[in-house]
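Below you'll find the structure, written out as structure tokens, and then a few comments.
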Amino acid sequence: MGPVNWVAVVIAAALALGISIAWFGTFTRKSGQLIPAKTETRSNYILVGVLMLVSAAMFGHNFARIGAETLQAKSWLYFMQTGGIAIAFVIPAVWLVELRNRTEPMRRVIDCAFWLVAYLAMGLVFWVLG
């Protein structure tokens, strides 16, 4: 196992947090007006940042396990790993929870698409800094 790229971990988490802020700021508008978001507090942003840091650290560990030599020869593994985790684990979990909570279908699609975009963006960071 090679060393974890901690710089990439922190940057990937920060990028995912930024995507989260932009994504949900964009999709919380209806007919040109912002919907009051009671949950958008500073502590929630900190929590999202910490959780993205955990995800990025796990990706960093995963890429360290795969090894720099393999990743250099097969750079698509960055996106296959991050996108695969999103598609195989995160999106089904989010979809099922939101289905149970009777969230409207378009909202489910938007929330699930966020995770795919955020995880692929993390993969992009690791690829660029790898």
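Positions in the sequence shown are counted from 1; adding 346 to them yields this note's numbering. Where a beta carbon is used, it is the ideal one built from N, C-alpha and C, also for glycine. The model shown is predicted, which means the values in this text are computed figures rather than measured ones.
In three-state terms, what does DSSP make of residue i?
i, result
"residue 448", "coil"
"residue 366", "helix"
"residue 350", "coil"
"residue 288", "As shown, the chain starts at 347 and ends at 476. That puts residue 288 outside it, with no answer to give."
"residue 422", "coil"
"residue 395", "helix"
"residue 476", "coil"
"residue 413", "coil"
"residue 434", "helix"
Taking the alpha carbon of residue i as the point to measure from, which residue in the options has its own alpha carbon closest?
i, options, result
"residue 440", "462, 417 and 407", "462"
"residue 432", "401, 368 and 390", "401"
"residue 434", "456, 392, 465 and 391", "465"
"residue 393", "371, 430, 367 and 408", "367"
In chain order, what residues of the same chain lie with their CB nearer than 8 Å to the CB of residue i, ignoring the 5 residues before and after it?
i, result
"residue 396", "none"
"residue 437", "458, 461 and 462"
"residue 467", "358, 361, 362 and 365"
"residue 412", "423 and 427"
"residue 416", "423"
Against chain D, does residue i count as a neighbour if the rule is that its beta carbon must be under 8 Å from one of theirs?
i, result
"residue 395", "The structure shown contains no chain D; it holds only a single protein chain."
Kindly give me the distance between the Cβ atoms of residue i and residue j, rounded to whole angstroms, as I take these residues to be in contact under 8 Å.
i, j, result
"residue 355", "residue 419", "The Cβ separation is near 22 Å, so there is no contact."
Output yes or no for whether 8 Å exceeds the beta carbon distance between residue i and residue j.
i, j, result
"residue 447", "residue 406", "no"
"residue 476", "residue 410", "no"
"residue 453", "residue 445", "no"
"residue 389", "residue 473", "no"
Quick one: residues in its chain with C-beta nearer than 6 Å to the C-beta of residue i, no 5 flanking neighbours on either side, listed in chain order?
i, result
"residue 469", "424, 425 and 428"
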